[in-house]
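> What follows is a single structure, and I will ask about it in a moment.
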Amino acid sequence: MAEVELRNLRKDWDTATAVDDVSIKIENGEFLAILGPSGCGKSTTLFMLAGVYLPTSGDIMFDGARVNDVEARLRNVGIVFQSYALYPNMSVLQNILFPTRFQKTDDAQARAHEMAELVQITDLLGRRPSELSGGQQQRVALARALIKRPNLLLLDEPLSNLDATLRLSMRAEIRRITRELGVTTILVTHDQLEATTMADRVMCMNKGRIEQVGSAADLYLRPDTLFVAGFIGSPPINLIPPDRDVLSLPDRCHTLGLRPEALRVSEVGMPATVLSVEPMGREAMMTVDTPLGDLRFIEATAQPKYRPRDLLRLTFDNADTILFDAKGQRIPEAHATLKETAYA
Amino acid sequence: MTPSNTRQATNALLFLGPACLFLVCLLLIPIIVDLVVAFTDMSQTVRVGEFTTDQFGKLVKANPEALLGFELRGSFYRALSLSAVYVVCTLAIFNVTFALILALTTTALPDWLGGLYRAIWLMPRMAPSVVYGLLWLWVVDPTDRGLLNQILLAFGLDPINMKLDAPVTLIVFANGFIGASLGMLILTSSIRSIPQHLFYAARADGAGSLSITRHIVLPALRWPLSYITVFQSLSLLVSFEYIFLIMGPARSTMTMSMLAYTKTLAPGIGSGQYAYGAAITLILIGIGMVSALLLYRLTNMKRLLTRPRIEVQ
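Chains A and B supply the protein sequences, listed in that same order.
Heads up: the first sequence at position 52 corresponds to 52 in UniProt numbering, and the numbers run straight through without jumps.
Heads up: the second sequence at position 121 corresponds to 121 in UniProt numbering, and the numbers run straight through without jumps.
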C-alpha cells in the first residue's frame with residue numbers, strides 16, 4: 001500500500017499534449033477515480049503510473065520516493081485492463097500465479113487460492129481464459145493484479161465490457177475487495193456513475209488537465225467549471241445564456257446552470273409549454289419551452305402526467321442555480337433569482 | 001430436383017469449378033501420369049514399350065536378409081539421406097530458428113529500423129532465382145575473387161572451396177537465406193497481432209524481456225510455427241532450383257528432387273529417362289505425403305484448422 005503523488009506531471013506526444021500539469025496526492029488506501037471523456041489523458045496518466053509510458057516532465061512519487069525511472073516490473077503495481085489482458089495460453093490458476101514467478105514468494109499456491117476465494121472463482125482455476133465469461137475474466141484479472149500485494153492497484157475501464165447488470169454487481173464487488181485489502185486504487189473511467197459510486201474522490205479531467213477533484217457530491221452540486229457541470233449528471237444540466245429581463249444575477253455571470261431535477265411544477269412560476277416527453281422508467285424527462293429558453297425538466301413519476309403542448313408553471317430554488325463566468329469558472333456563493341416579469 | 005436446388009448446384013459448380021479444375025489438371029492428372037509412367041520403360045523416345053517394375057529395380061534390390069526384404073542401391077540411398085539432411089538442416093537452422101530470431105529482433109527494434117532490416121532479408125525473394133544463384137556462385141568462388149575468400153584472406157585465413165569441401169552446408173545456407181524470410185514475415189505478423197495490453201500486463205506483473213518472450217510471445221507463435229514447419233518441409237523436399245543453379249548436377253548434392261530432375265529434364269547430362277525419373281518422383285510423393293501427415297499429427301494442426309484461434313475478448 002502506498003501514498004501516491006503526482007507533481008506537475010506532463011506527457012507530450014509528437015503532435016499533442018496528452019497530460020498537462022497534473023498534480024494530485026492520493027492517500028494511502030484511498031480509492032480515486034479519474035473521470036473524463038475519451039482523449040482527456042486519463043489512460044495516459046494511468047499508464048505513466050504503471051510505468052508503461054515515461055512522463056515528459058514532472059514527478060511520480062510512491063511513498064515520497066520518485067519512481068519516474070523505475071521500470072514497470074519493479075514498481076509493484078497491479079493493473080486490470082478493459083480487455084482483461086489474460087494470458088490465453090495459461091489456465092486461470094497459472095494466470096493468477098504469473099506475477100509470483102518474479103517475486104520471492106514461498107506460499108504462492110496458498111496465496112493464489114486465497115485470491116481466487118476473494119474474487120470468488122475457486123471453481124474455475126483449471127479453465128482457460130477463452131472458456132470464461134466477461135465477468136469471470138474480470139475477476140481473474142483482478143486476482144492476478146492483487147496476488148503480489150501491490151502498492152497501487154490500477155483499473156483501466158474495468159467494467160466497460162460487461163453488461164449492465166453485471167456491471168452493477170462488479171462495481172460493488174471491486175469496492176468490497178479494495179476495501180478489504182485497503183489497497184490504494186486508481187480507477188480510470190468515462191462512466192460518471194462508475195466513478196461516483198466506487199470512488200472516495202473523483203478527479204475530473206479534460207484535454208489533459210484537471211478540471212476538479214472532489215467527492216461525487218462536490219462535482220455534482222458545486223462543479224468548479226462549465227465542463228464538469230456539463231459532464232456530470234444524466235440527463236445533463238441545462239446550461240443557458242441568462243436573459244437579464246427575467247433573471248436577476250451578478251453582472252459577470254455568463255452562463256446559468258440549472259439541473260433538470262431542480263425545476264418543479266408550482267402554482268406560481270414561469271409559464272412553460274411542454275415540447276416533448278420521454279419516459280425513462282422511474283421518471284420522465286420533458287423538454288419545455290420557458291422564458292429562459294428550452295429546458296430539460298425531470299418529472300419524478302413513472303406515469304407522465306403531461307403531454308406535448310400542455311401548459312404548466314415551473315419554479316426552482318435560487319440555491320439550486322449554478323453560475324459561471326465568461327471563462328467557464330463557477331462564481332462561488334452566487335445564485336440567480338427569477339424576476340416577477342418571468343411569471344407573465 | 002427443384003429449381004432452387006439446381007441453382008445451388010450450379011452456383012457451387014461455378015464457385016468451386018475453377019479450383020477443382022486447377023487441382024485436377026495440375027495435381028491429380030500429373031500424379032496419375034507419374035504413377036503410370038513409373039511402371040513403364042519410357043525413355044527418350046517417349047514411347048511405352050512394356051509395363052515393368054524395372055525402374056524400381058534401379059533404386060532397390062532384393063535382399064532376403066534385409067529387414068523389409070530389399071535394400072537401397074548406393075545412389076538412391078545417398079539421395080535419400082542427402083534429402084533428409086538438407087531438409088532437416090535448412091528447416092531447423094534457417095526456416096524456423098533463424099526466422100524466429102529475425103522476427104523477434106526486428107519487432108523489438110524501432111519500427112523504421114525493423115522494417116528496413118526485414119526488407120533487406122526479403123530482397124533475395126524479389127531477385128530472380130538465377131540472379132540469386134549467380135550471387136552465391138560469386139560468394140563461394142574458389143579463387144580470390146570470391147567474396148567469402150576475400151573476407152577470409154583479409155583476416156589472414158586460407159581460402160576455401162565450399163563447392164568442393166562443404167557442398168551440403170552451401171546448399172543449406174543458400175536455401176536458408178532465402179527461405180528464412182517467409183517464416184520471418186509470418187512470425188512478425190503474428191507477434192504484431194498480440195494485443196499490446198498483454199505486454200503491458202506482463203510488464204506490470206514483473207516480467208522482463210526474456211520472460212515476456214517465453215511466456216507471452218512464444219506461446220502465441222505455436223500455430224504459425226507449426227504451419228511454417230509443415231509448409232516449408234514439403235517445399236524443401238521438392239525444391240532443387242538453387243541446388244542446380246549453384247552446384248549443377250554434382251554428385252555431392254544429388255538430393256531426391258535433383259536426381260529426378262537430372263534423370264528426366266536436365267539437358268545433356270543423362271536426361272530423358274522418363275520412367276526412371278517418374279519412379280523417383282513417385283517415391284518422393286510418397287515421402288511428402290507421409291511426412292505431411294506425420295507433421296500434421298505431430299503439431300496437432302487439426303486443432304488449428306478446425307477451431308478459430310482468435311479469442312474474442
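We put the CB at the ideal spot given by N, CA and C, even for glycine.
#1: Where in the region 256-303 of chain A do unbroken runs of the beta strand (DSSP E), each at least 3 residues long, occur, reported from the N-terminal end onward?
#2: Can you give me the C-alpha to C-alpha distance between residue 53 (chain A) and residue 47 (chain A), rounded to a whole angstrom?
#3: On the three-state DSSP scale, how would you describe residue 25 (chain B)?
#4: Here's the rule: buried if 16 or more other CB atoms are within 10 angstroms of the residue's CB, otherwise exposed. What is residue 280 (chain A)?
#5: Please tell me whether residue 228 (chain B) and residue 174 (chain B) are closer than 9 Å, where the distance is taken between their beta carbons.
#6: CB-CB under 6 Å to residue 185 (chain A), same chain, minus the five flanking residues each way: which ones, in chain order?
#7: Check each residue of the region 172-192 of chain B: if its Cβ is closer than 9 Å to any Cβ of chain A, include it; give the result in chain order.
#8: Distance cutoff 9 Å, beta carbons only. Does residue 391 (chain B) sit that close to anything in chain A?
#9: Say whether chain B places a C-beta atom closer than 9 Å to the C-beta of residue 21 (chain A).
#10: Using 8 Å as the Cβ pair cut-off and three pairs as the minimum, do the region 269-280 of chain A and the region 328-344 of chain A touch?
#11: With distances taken from CA atoms, which of A:149, A:39, A:189 and A:141 is nearest residue 83 (chain A)?
#12: Exposed or buried, which one is residue 85 (chain A) when buried takes at least 16 other CB atoms within 10 Å?
#13: DSSP three-state label for residue 23 (chain A), please.
#14: Check for me: the beta strand (DSSP E) holding residue 118 (chain B) runs from which residue to which?
#15: Report all residues from its chain with a CB closer than 6 Å to the CB of residue 118 (chain B); omit the five preceding and five following residues, and keep chain order.
#16: Name the two residues that bound the continuous alpha helix (DSSP H) containing residue 196 (chain B).
#17: Any C-beta of chain B sitting closer than 9 Å to the C-beta of residue 387 (chain A)?
#18: Leaving out five residues on either side along the sequence, give the residues of the same chain with a beta carbon under 6 Å from the beta carbon of residue 25 (chain A).
#19: Residue range of the alpha helix (DSSP H) that residue 206 (chain A) falls in?
#20: What in chain B is Cβ-close to residue 160 (chain A), meaning under 9 Å?
#21: Consult DSSP for residue 98 (chain A) and reduce its assignment to one of helix, strand or coil.
#22: Ignore the nearest five residues each way along the sequence and tell me which others in residue 299 (chain B)'s own chain have a CB closer than 6 Å to its CB.
#23: What are the residues in the region 82-95 of chain A lying within 9 Å of chain B by C-beta distance?
#24: What is the DSSP secondary structure of residue 11 (chain A), reduced to helix, strand or coil?
#25: Check whether the Cβ atoms of residue 298 (chain A) and residue 260 (chain A) lie closer than 9 Å to each other.
#26: Which bits of chain D does residue 281 (chain A) rub up against, with CB to CB less than 8 Å?
#27: So, for residue 238 (chain A): in the same chain, excluding its five sequence neighbours on each side, which residues have a beta-carbon less than 6 Å away from its beta-carbon?
#28: Below 8 Å CB to CB, which residues in the same chain sit around residue 93 (chain A) once its five sequence neighbours on both sides are set aside?
#29: Please list, in chain order, all residues of the same chain as residue 251 (chain A) whose beta carbon is under 6 Å from its beta carbon, the five residues on each side excluded.
#30: My output table needs one value for residue 133 (chain A): the three-state DSSP class, helix, strand or coil.
#31: Step through the CB atoms of chain B and report whether any lies within less than 9 Å of the CB of residue 262 (chain A).
#32: Taking 6 Å as the limit between beta carbons, can you name the residues of its chain near residue 325 (chain A), skipping five residues before and five after?
#33: Name, going along the chain, the residues of the region 195-214 of chain B whose beta-carbon falls closer than 8 Å to a beta-carbon of chain A.
#34: So the beta strand (DSSP E) residue 61 (chain A) belongs to, where does it begin and stop?
#35: Using a Cβ-Cβ cut-off of 7 Å (strictly less than) and excluding sequence neighbours within five positions of residue 49 (chain B), which residues of its own chain qualify?
Considering the structure as presented:
#1: Annotation: the region 256-303 of chain A contains the following complete segments of the beta strand (DSSP E) (minimum length 3 residues), in chain order: 264-279, 284-290 and 293-299.
#2: In this structure, the alpha-carbon of residue 53 (chain A) lies about 6 Å from that of residue 47 (chain A).
#3: The DSSP-derived three-state label of residue 25 (chain B) is helix.
#4: Classification for residue 280 (chain A): exposed.
#5: Their beta carbons are not under 9 Å apart, which means residue 228 (chain B) does not touch residue 174 (chain B) by this criterion.
#6: Result list for residue 185 (chain A): 31, 153 and 178, in chain order.
#7: Within the region 172-192 of chain B, no residue has a Cβ lying closer than 9 Å to any Cβ of chain A.
#8: Residue 391 (chain B) is absent from the structure shown; chain B starts at 1 and stops at 313.
#9: So no, residue 21 (chain A) is outside the interface.
#10: Judged by Cβ distances under 8 Å, the region 269-280 of chain A makes contact with the region 328-344 of chain A, as three or more pairs qualify.
#11: Distances from the alpha-carbon of residue 83 (chain A) to those of A:149, A:39, A:189 and A:141 put A:141 closest.
#12: Its Cβ being crowded by 16 or more others within 10 Å, residue 85 (chain A) is buried.
#13: For residue 23 (chain A), the three-state secondary structure derived from DSSP is strand.
#14: Where residue 118 (chain B) is concerned, there is no enclosing beta strand (DSSP E), although the alpha helix (DSSP H) it sits in stretches over 111-126.
#15: Excluding positions up to five away in sequence, the list reads 106.
#16: Annotation for residue 196 (chain B): the continuous alpha helix (DSSP H) segment containing it runs 196-204.
#17: Outside the modelled stretch of chain A, which goes from 1 to 344, sits residue 387 (chain A), for which no answer is possible.
#18: Correct list, in chain order: 5.
#19: In this chain, residue 206 (chain A) is not harboured by any alpha helix (DSSP H); it is covered by the beta strand (DSSP E) spanning 201-206.
#20: Listed along chain B is no residue with a C-beta nearer than 9 Å to that of residue 160 (chain A); the closest approach is about 12 Å.
#21: Residue 98 (chain A) falls in the helix class under three-state DSSP.
#22: Excluding positions up to five away in sequence, the list reads 226.
#23: Closer than 9 Å at the C-beta level to chain B, one finds these residues of the region 82-95 of chain A: 82, 83, 84, 85, 86, 87, 88, 89 and 90.
#24: Of the three classes helix, strand and coil, the one that applies to residue 11 (chain A) here is strand, per DSSP.
#25: Yes, the Cβ-Cβ distance between residue 298 (chain A) and residue 260 (chain A) is below 9 Å.
#26: Included in the structure are the protein chains A and B, with no chain D among them.
#27: Sequence-distant partners of residue 238 (chain A) (beyond 5 residues in either direction) whose C-beta falls short of 6 Å from its own C-beta, in its chain, are 258, 295 and 296.
#28: Counting only Cβ-Cβ distances below 8 Å, and skipping sequence neighbours, we find 112, 116, 125 and 126.
#29: If we look at residue 251 (chain A) and ignore the five residues flanking it on each side, it has no Cβ neighbours.
#30: Under the three-state reduction of DSSP output, residue 133 (chain A) falls in the coil class, being neither helix nor strand.
#31: Output row for residue 262 (chain A): interface = no.
#32: Answer for residue 325 (chain A): 252, 254 and 331, listed in chain order.
#33: The residues in question are 195, 197, 198, 200, 201, 202, 203, 204, 205, 206, 207, 208 and 211.
#34: From DSSP, the beta strand (DSSP E) with residue 61 (chain A) extends over 57-62.
#35: Cβ within range, chain order: 41.
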